[in-house]
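*Asks:*
Number of protein chains: 2
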Amino acid sequence: KQHVVIVGLGRFGTRLGRTLYQLGHDVMAIDRDEERVQSMMSEVTYAIRGDATQESVLREMGVHNFDIGIVAIGANIEASIMVSVLFKTMNVPYIVARANSDLHGNTLERIGCDRVIHPEEESGRRLAYELFNPDVEEYLGVTSSFGVSRLAVPDRFANMTLREAGFSGPRDKYRVVVIALRRGENVTLIPDSNEMMRLGDELVIVGRDNLVQQITA
Amino acid sequence: KQHVVIVGLGRFGTRLGRTLYQLGHDVMAIDRDEERVQSMMSEVTYAIRGDATQESVLREMGVHNFDIGIVAIGANIEASIMVSVLFKTMNVPYIVARANSDLHGNTLERIGCDRVIHPEEESGRRLAYELFNPDVEEYLGVTSSFGVSRLAVPDRFANMTLREAGFSGPRDKYRVVVIALRRGENVTLIPDSNEMMRLGDELVIVGRDNLVQQITA
Ligand SMILES: Nc1ncnc2c1ncn2[C@@H]1O[C@H](COP(=O)(O)OP(=O)(O)OP(=O)(O)O)[C@@H](O)[C@H]1O
Ligand SMILES: Nc1ncnc2c1ncn2[C@@H]1O[C@H](COP(=O)(O)OP(=O)(O)OP(=O)(O)O)[C@@H](O)[C@H]1O
């Protein structure tokens, strides 16, 4: 369980805060906009109104005691940089900042942020891989041509076993491997080739992207 | 090989277009800003200056002949909606649009977009899972507590076999499974437990998130 402080309740900071809290972490959110603070009250551990560019404000909230600091201010580059520097001077052990441009990101790295996020670029890149194969719901790249894809069981595979559908065993290094079969909240890892697929199931597959494409085509 | 038309060369549209082109697809990019069009000229198949809310402009560029249409306009909600409706009336088979808010996204879905992207929310959610385990470079969710994680081989596992490091065989459904070991561009699927890990290698692991956390802790 980590103690995370998030500055900035735009779309990125808000979703990040909610998800972290749902995952069981302790989340304190700071924003200077009263409305945004109010709507986060029930979604995180603490939501506090304040100007995060004021060191006294951060110190009063005990920011120096947190494990992770997130600077989720986007458009206001100056504030983003100031808060990042304050986190650094207050010795927050791990700092993540969201960048609005390459130069902004470069600056945040030089300040000493441990990780810089470019939400738009990352989404654009990820979508490119998912479009490559529109049936793929989500994709994790391993190399430039090899990845893990999560997809819904294609209609034509309903009520077929993995073997009948053409999936070979797990030791074949050149074809795709079904690493998981999900049915609701139930997940079978490295399912047996006799496992039957039902409509509504999800498959998690690893292999060359062009081979995965043949499955969904 | 898909034929993709992208309207809007912000950060999302630009990265999407470049990546699709690098993946071998045919990409036409349209933006009304001359500078942005110019800088994309060498990065996609065609980059054209124009106002995409004009049907005549889209028709002249043959938009009705494309496989996938992407509306990558963010801030200008009216233009985003107008272009989406034009894609729909021109029978573009698969339409993706980027949304700036939940209401914007809702509207795009009602218009008939096949997929709506919320880059900031998706990045925030993904980061929450990756922070759960800062050593995880990338994460793909399977259920709310189960996922696929890509991580660098921890220092303490360098020059150990998978078995020595404590990874059990692939048929154990309750523990993590190493589904791939990457060394440079070389990927071994479902590696043998005798496989030795070297510093610089990457592991792709599937399992309960809290178990994956124990590996990197
Ligand atoms: N000095 C500050 N102290 C506290 N909060 C701040 C400060 N400056 C900006 N913020 C807050 O940061 C939040 C996010 O910033 P902003 O809306 O500019 O980014 P954004 O790029 O639009 O965010 P997103 O893309 O995630 O929606 C806003 O809610 C704003 O009130
Ligand atoms: N009617 C239009 N025709 C063509 N291009 C347009 C039109 N309206 C806006 N654009 C272009 O869309 C692009 C992206 O829009 P905008 O910059 O508002 O979105 P954004 O949310 O800032 O993008 P990102 O977050 O991806 O950086 C801009 O380059 C802009 O010139």
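Residue numbers (this note's numbering), protein chains in the order written: chain A, 128 to 344; chain B, 128 to 344.
For glycine and all other residues, C-beta sits at the position ideal for the given N, C-alpha and C.
Computed from a predicted structure; not experimentally measured.
(1) With 16 other CB atoms within 10 Å as the buried threshold, where does A/Ser207 fall?
(2) Assign B/Leu338 to one of two classes, buried (16 or more other C-beta atoms within 10 Å of its C-beta) or exposed (fewer than that).
(3) Return the residue from the list B/Thr234, B/Pro220, B/Ser295 that minimises the CA-CA distance to B/Ala226.
(4) B/Leu267 lies in the beta strand (DSSP E); which residues open and close that run?
(5) Of all Cβ atoms in chain A, is any one closer than 7 angstroms to the Cβ of B/Arg290?
(6) Am I right that A/Ile243 and A/Glu249 are in contact with their C-beta atoms under 8 angstroms? What's the rounded C-beta distance?
(7) Does the region 143–162 of chain A come close enough to the region 188–197 of chain A that 3 or more CB-CB pairs lie under 8 angstroms?
(8) DSSP beta-bridge partners for A/Asp328?
(9) Is the Cβ of A/Pro318 closer than 7 angstroms to any Cβ of chain E?
(10) In the region 320–332 of chain A, which residues sit with their C-beta less than 7 angstroms from some C-beta in chain B, listed in chain order?
(11) Taking all protein chains shown into account, decide if A/Thr307 is buried (16 or more other Cβ within 10 angstroms of its Cβ) or exposed.
(12) Excluding the five sequence neighbours on either side, which residues of its own chain have a C-beta within less than 7 angstroms of the C-beta of B/Arg335, listed in chain order?
(13) Using beta carbons (cut-off 7 angstroms, strictly below), is B/Glu264 in contact with chain A?
(14) Does ligand 2 have a heavy atom nearer than 6 angstroms to the CB of A/Glu247?
(15) Over what stretch of residues does the beta strand (DSSP E) that includes A/Arg242 continue unbroken?
(16) Can A/Ala174 be considered in contact with ligand 1, in the sense that its beta carbon sits closer than 6 angstroms to one or more heavy atoms?
(17) Would you please state the rounded distance, in angstroms, between the beta carbons of A/Gly140 and B/Gly137? I believe it to be under 8 angstroms.
(18) Considering only residues of the region 148–213 of chain A, which uninterrupted alpha helix (DSSP H) runs meet the minimum length of 4 residues and lie entirely inside it, listed in chain order?
(19) Would the C-beta of B/Asn203 count as close to ligand 2, meaning under 6 angstroms from any of its heavy atoms?
(20) Please report the distance separating the alpha-carbon of A/Arg325 from that of A/Val198.
(21) Please identify, using Cβ separations under 9 angstroms, the residues of the region 235–256 of chain B that lie next to chain A, in order along the chain.
(22) Does the beta carbon of B/Arg310 sit closer than 7 angstroms to a beta carbon anywhere in chain A?
(23) So the beta strand (DSSP E) B/Ile222 belongs to, where does it begin and stop?
(24) I'd like the span of the alpha helix (DSSP H) that includes A/Ile238, first residue to last.
*Replies:* With the given structure in hand:
(1) Taking the first sequence and counting its residues from 1, the one referred to as residue 207 of chain A is at position 80. Classification for A/Ser207: buried.
(2) Here residue 338 of chain B corresponds to residue number 211 of the second sequence, with the count starting at 1. Under this definition B/Leu338 is an exposed residue.
(3) Within the second sequence, residue 226 of chain B is the residue found at index 99, counting from 1. Of B/Thr234, B/Pro220, B/Ser295, the residue nearest in Cα terms is B/Thr234.
(4) Taking the first residue of the second sequence as position 1, residue 267 of chain B is located at position 140. Start and end: 263–270.
(5) On the second sequence, position 163 is the one that residue 290 of chain B refers to. B/Arg290 does not count as touching chain A.
(6) Within the first sequence, numbered from 1, the residue matching residue 243 of chain A stands at position 116. Within the first sequence, numbered from 1, the residue matching residue 249 of chain A stands at position 122. Correcting the residue type first, residue 243 of chain A is Val in the shown sequence and not Ile. Between A/Glu249 and A/Val243 the Cβ distance is about 11 angstroms, and since that is not below 8 angstroms, they are no contact.
(7) yes
(8) Residue mapping note: residue 328 of chain A aligns to position 201 of the first sequence, counting from 1. None; A/Asp328 has no bridge partner.
(9) Here the protein chains are A and B, and chain E is not one of them.
(10) Val331
(11) By 1-based counting over the first sequence, the position of residue 307 of chain A is 180. It is worth fixing the name first, because residue 307 of chain A is Ala in this sequence and not Thr. It counts as buried.
(12) Taking the second sequence and counting its residues from 1, one reaches residue 335 of chain B at position 208. Ser272, Phe273.
(13) Within the second sequence, the letter at position 137 stands for residue 264 of chain B. No, because no Cβ of chain A sits closer than 7 angstroms to the Cβ of B/Glu264.
(14) Start at 1 with the first residue of the first sequence, and residue 247 of chain A comes out as number 120. Indeed, a heavy atom of ligand 2 lies less than 6 angstroms from the Cβ.
(15) Locating residue 242 of chain A in the first sequence gives position 115, where the first residue counts as 1. First-last of the beta strand (DSSP E) with A/Arg242: 242–244.
(16) Position 47 of the first sequence, counting from 1, holds the residue named residue 174 of chain A. Checking the Cβ of A/Ala174 against ligand 1 gives no.
(17) Reading the first sequence from its first residue, position 13 is the one you call residue 140 of chain A. Reading the second sequence from its first residue, position 10 is the one you call residue 137 of chain B. With 8 angstroms as the limit, A/Gly140 and B/Gly137 do not qualify as a contact, their Cβ atoms being about 20 angstroms apart.
(18) 161–167, 182–187
(19) Residue numbering aside, residue 203 of chain B sits at position 76 when the second sequence is read from its first letter. Yes, ligand 2 has a heavy atom inside 6 angstroms of this Cβ.
(20) Mapped onto the first sequence, residue 325 of chain A falls at position 198. Mapped onto the first sequence, residue 198 of chain A falls at position 71. Their Cα atoms are separated by approximately 44 angstroms.
(21) Cβ proximity to chain A below 9 angstroms picks out Asp241, Arg242, Ile244, His245, Pro246, Glu247, Glu248, Glu249, Ser250, Gly251, Arg252, Arg253, Leu254, Ala255, Tyr256 from the region 235–256 of chain B.
(22) In the second sequence, counting from the first residue as 1, residue 310 of chain B sits at position 183. Cβ-Cβ to chain A under 7 angstroms: no for B/Arg310.
(23) Your numbering for residue 222 of chain B matches position 95 in the second sequence. 221–225 is the extent of the beta strand (DSSP E) around B/Ile222.
(24) Translated into positions along the first sequence, residue 238 of chain A becomes position 111. Here the alpha helix (DSSP H) through A/Ile238 covers 229–238.
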